[in-house]
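Take the sequence shown: its letters are residues 31 to 481, numbered as in our numbering.
Cβ atoms here follow ideal geometry from the backbone N, Cα and C, with glycine treated the same way.
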Amino acid sequence: MRTVRVAIVGAGPAGIYAAAGLAAAGPEHGVRVLVDLFDRLPTPYGLVRYGTAPDHQRIKEVVVALRAALAGPGIRFFGNVEYGSDLKLAELRQCYHAIVVATGAAADRPLPIPGIDLPGSYGGADFVAWYNGHPDVPRDWPLTARSVAVLGAGNVALDVARMLAKPVAEQAATEIPDNVARGLAGNAVRDVHLFARRGPADAKFTPLELRELAESPSVDVIVDPVGAEVTAEEEASIGRSRQRRTVLRTLLDWVGREPTGAPRRIHLHFRSAPVAVLGGGWVEGLRTERTEPGPDGMINFTGDHRDWPVQAVYRAIGYRSTALPDVPFDDAGGVVPGTAGRVVDLDQLAVPGLYATGWVRRGPVGLIGHTKSDAAETVGALLADLEVLPEPDAPAPEAIIELLRVKKIDFTTLAEWDRLDAHEIALGQASGRQRTKVVSRIAMINGGRDT
Ligand code: NAP
31 MRTVRVAIVG AGPAGIYAAA GLAAAGPEHG VRVLVDLFDR LPTPYGLVRY GTAPDHQRIK
91 EVVVALRAAL AGPGIRFFGN VEYGSDLKLA ELRQCYHAIV VATGAAADRP LPIPGIDLPG
151 SYGGADFVAW YNGHPDVPRD WPLTARSVAV LGAGNVALDV ARMLAKPVAE QAATEIPDNV
211 ARGLAGNAVR DVHLFARRGP ADAKFTPLEL RELAESPSVD VIVDPVGAEV TAEEEASIGR
271 SRQRRTVLRT LLDWVGREPT GAPRRIHLHF RSAPVAVLGG GWVEGLRTER TEPGPDGMIN
331 FTGDHRDWPV QAVYRAIGYR STALPDVPFD DAGGVVPGTA GRVVDLDQLA VPGLYATGWV
391 RRGPVGLIGH TKSDAAETVG ALLADLEVLP EPDAPAPEAI IELLRVKKID FTTLAEWDRL
451 DAHEIALGQA SGRQRTKVVS RIAMINGGRD T
């Protein structure tokens, strides 16, 4: 049976689902597919480990299935290998018939309004990376603001608002790293204001995640009545979507609620678009402008401004993928362009042997499970192209290991991840948590030791 070698760049759910799909479906196409997954982090699982909030352990349970896939026949994991600097496309092409880009979307979408770069104005993705113990972000996060603005009405905005408002004691049993537990313990916040530029019928929240916001006894959740009205057109646009209807009902139940006296409050403000971050040397406020529904799902700005005294602003208005060296990138859409998983160049011509899957291909929307169907399409395209894949010069599985060694790249393997995983769980058990994440990259590579 012919052997086909595939490199997947990015070992998050998208990459792992594609690897499993290729390894499983190869024989039906008369080939044995050997897949190597590369990740710039020493650990697998991408945004499951570094994007999903630590108190969402249920969502993180997907790692059991992802670990099983990684350990499957014909699949290898190489962590701590950065595409572009450690390995270039040309080098991958020497060893593999095909390359699949599955690098996700981990950066913040920019918000070009005055003052957005003031100190105290943060990208939500950076905060998410901090509270998840990402090795490449600073260990300390300034949590001195008493009033905070969160921009956006999606699940990331909910995560950011909840992580800011929920007392650290209620997160004790999760997997937050020690530096994050210490940081959150000193959090001065009292009021978190979440601003949505549309009305409540158009919020992008999902029902479970929204209701969870109000589960903490230490947090009152209040919807500002101003802007919370629902027009007949908005009501009609919900159609048969049970999810949107449940979200709307929950939000309307919270309109004008009286605070119970809980120490912290989350206020949700609708039809309030952020137009400027105010302040001199540091964030002192946020200016919003009232919106109303416009034609074709657009919004109109009304000229009605309001200033909110806040000392920190977190924008959670969506993620964005980052361009990769030697891989086409659609800057406007923030994705690798392609059709059915095949990457295309600026002339819309398929680039031989180059594929993409997950958020980097279709944009940063959808839950983890959605990347599975996405991967199936990319796998199907690659296997349909078997006859035209470029032949590599060095297809032997040892060739890439030799290359990494020559380049002195300190790569990690699945066995090393398993050791770190066990170490983190043991550390967590010692302090009553599900896991205590190791944050330093060196310690991650050395199974938990900092030297
Ligand atoms: P999202 O769901 O697309 O929400 C982005 C929000 O930002 C929208 O409300 C959007 O408003 C708003 N926005 C965009 N540009 C804006 C601007 N210029 N000014 C003001 N607001 C702006 O994205 P996300 O929250 O990053 O989530 C990404 C995906 O991950 C989603 O599918 C989400 O469900 C998923 N996720 C799931 C969980 C979970 O716990 N299950 C947690 C995190 C993320 P418009 O609607 O007006 O564009």
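Span of the alpha helix (DSSP H) around residue i
i: Asn185; result: Asn185 to Ala195
i: Val61; result: No alpha helix (DSSP H) contains Val61, which is instead part of the beta strand (DSSP E) from Val61 to Phe68.
i: Arg279; result: Arg272 to Asp283
i: Arg79; result: Gly76 to Tyr80
i: Glu446; result: Leu444 to Ala460
i: Glu319; result: Where Glu319 is concerned, there is no enclosing alpha helix (DSSP H), although the beta strand (DSSP E) it sits in stretches over Gly315 to Pro323.
i: Asp423; result: Run containing Asp423: none; DSSP gives neither H nor E here.
i: Gln370; result: The question names Gln, but residue 370 in the sequence shown is Ala. First-last for Ala370: undefined, no H or E at that position.
i: Asp156; result: Gly154 to Tyr161
i: Gly51; result: Pro43 to Ala55
i: Ser267; result: Ala262 to Ile268
i: Pro237; result: Pro237 to Glu242
i: Arg435; result: Pro427 to Val436
i: Arg123; result: Leu119 to Cys125
i: Gln378; result: Unbroken run through Gln378: none, as it is neither H nor E.
i: Ile439; result: First-last for Ile439: undefined, no H or E at that position.
i: Ala95; result: Val93 to Leu100
i: Arg88; result: Gln87 to Lys90
Selected residue, minimal CA-CA separation from residue i, among the options
i: Asn110; options: Gly102, Leu376 and Gly76; result: Gly76
i: Gly477; options: Gln464, Glu242, Arg372 and Leu457; result: Leu457
i: Tyr113; options: Arg123, Ile105 and Gly104; result: Arg123
i: Val468; options: Ser461, Gln459, Gly462 and Glu454; result: Glu454
i: Phe225; options: Gly184, Ala195 and Glu200; result: Gly184
i: Asn330; options: Arg336, Pro339, Arg320 and Trp338; result: Arg320
i: Leu117; options: Glu446, Arg435 and Gln87; result: Arg435
i: Thr33; options: Glu91, Val158 and Glu58; result: Glu58
i: Pro230; options: Arg301, Asp423 and Gln87; result: Arg301
i: Glu242; options: Val190, Gly257, Arg212 and Arg169; result: Val190
i: Gly311; options: Arg465, Ala215, Ala342 and Leu354; result: Ala342
i: His335; options: Asp221, Ala306 and Asp85; result: Ala306
i: Pro144; options: Val409, Ala83, Gly315 and Val256; result: Gly315
i: Ala370; options: Thr352, Leu354, Arg391 and Gly363; result: Arg391
i: Arg176; options: Met193, Asp221 and Thr290; result: Asp221
i: Ala132; options: Pro197, Ala353, Val418 and Glu421; result: Ala353
i: Gly291; options: Arg279, Val249 and Ser271; result: Val249
i: Pro142; options: Ala406, Ile347, Tyr385 and Gly269; result: Ile347
i: Val365; options: Gly383, Gly388 and Gln378; result: Gly388
i: Val158; options: Leu96, Arg79, Ala95 and Asp147; result: Arg79
i: Glu288; options: Lys438, Ala362, Thr318 and Pro255; result: Pro255
i: Gly333; options: Asp415, Pro339, Val340 and Arg317; result: Arg317
i: Gly51; options: Lys402, Ala429, Glu446 and Ala414; result: Lys402
i: Gly327; options: Ala362, Glu265 and Asp361; result: Glu265
i: Tyr126; options: Met193, Gly383 and Val340; result: Gly383
The beta strand (DSSP E) enclosing residue i, as first and last residue numbers
i: His400; result: Counting along the chain, His400 falls outside any beta strand (DSSP E), though it belongs to the alpha helix (DSSP H) covering His400 to Ala414.
i: Asn330; result: Ile329 to Trp338
i: Ile296; result: Arg294 to His299
i: Val251; result: Val249 to Val253
i: Ile146; result: Run containing Ile146: none; DSSP gives neither H nor E here.
i: Val210; result: Run containing Val210: none in the beta strand (DSSP E); it sits in the alpha helix (DSSP H), Asp208 to Ala215.
i: Val305; result: Ser302 to Leu308
Close Cβ partners of residue i (< 7 Å) along its chain, the five nearest in sequence each way excluded
i: Glu263; result: Pro323
i: Ala53; result: Val63, Val65, Gly102, Pro103, Gly104 and Ile105
Nonlocal neighbours in the same chain, by C-beta distance under 8 Å from residue i, ignoring five residues either side
i: Trp284; result: Ala244, Val251, Ile252, Val253 and Leu298
i: Pro325; result: none
i: Gly153; result: Ala137, Asp138, Tyr344 and Arg345
i: Asp440; result: Asn110 and Ile475
i: Val260; result: Gly229, Pro230, Ala231, Leu278 and Leu282
Own chain partners of residue i with C-beta closer than 6 Å, once the 5 adjacent residues on each side are dropped
i: Met1; result: Residue numbering for the chain in the displayed model covers 31 to 481; residue 1 lies beyond these limits and cannot be assessed.
i: Pro72; result: Gly109, Asn110, Thr442, Met474 and Ile475
i: Val381; result: Val373 and Asp375
i: Leu119; result: Asp356
i: Ile89; result: Thr82
i: Gly45; result: Ile38, Leu67 and Ala132
i: Ala258; result: Pro230, Val285 and Phe300
i: Ile206; result: Pro84
i: Ala49; result: Ile38, Val65, Leu67 and Ile105
Strand pairing of residue i, partner residues [DSSP]
i: Ser177; result: Asp221
i: Ala231; result: Per DSSP, none; premise fails for Ala231.
i: Thr33; result: Arg62
i: Ser151; result: Val343
i: Phe107; result: Leu67
i: Val131; result: Val39 and Ala386
i: Val468; result: Bridge partners of Val468: none, in fact.
i: Val365; result: Asp360
i: Arg350; result: Ala137
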